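One structure is given here, and the rest of the page talks about it.
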Amino acid sequence: MKLHISNTAGINLFTAYGEGYVAVNHEKHEQNLILLPDSLRPGWSTATVETLGEADMQMLLGLGVEIVLLGTGNRLRFPAGALMRPFAPAGIGLEVMDLQAACRTYNILASEGRQVAAALLFDR
73 MKLHISNTAG INLFTAYGEG YVAVNHEKHE QNLILLPDSL RPGWSTATVE
123 TLGEADMQML LGLGVEIVLL GTGNRLRFPA GALMRPFAPA GIGLEVMDLQ
173 AACRTYNILA SEGRQVAAAL LFDR
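Numbering (this note's numbering), first residue to last: 73 to 196.
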């Protein structure tokens, strides 16, 4: 599916997604990544939802954003509760959703000028 948003002012956006990939600014990616409005961090983790660890989540906590969208592949799956707990006390929203919903939600929030990160986990 191709995504279209106007008035993006040079920020990173998802421009397409499909089975096993996303496109950021028309560049295809097929491995876990973090996308922020001003940077792209491919390969942030080799984990799946089931193998996410504390170090993976600590990286997300240190991004300096107000909300993290965790895309969990083709379907919604939640990481262990203990991994999600540190976000609320840190004042960071953590929203867990499937990868496609994370892409769409990220584009809306980034286009609004929000400090958002999309952390995507691809199915393996």
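Even for Gly, the Cβ is constructed at its ideal location relative to N, Cα and C.
All values reported here derive from a predicted model rather than from experimental measurement.
query, result
"CB-CB under 6 Å to leucine 171, same chain, minus the five flanking residues each way: which ones, in chain order?", "Gly143, Gly145 and Leu192"
"I'd like the span of the alpha helix (DSSP H) that includes alanine 127, first residue to last.", "126-133"
"Once the 5 residues before and after glutamine 103 are set aside, which same chain residues still bring their CB inside 7 Å of it?", "Pro114, Gly115 and Phe194"
"Between the Cα of valine 240 and those of Leu107, Phe150, Pro158 and Thr123, spot the shortest distance and give me the residue it belongs to.", "Nothing about residue 240 can be read from this structure; the chain reaches only from 73 to 196."
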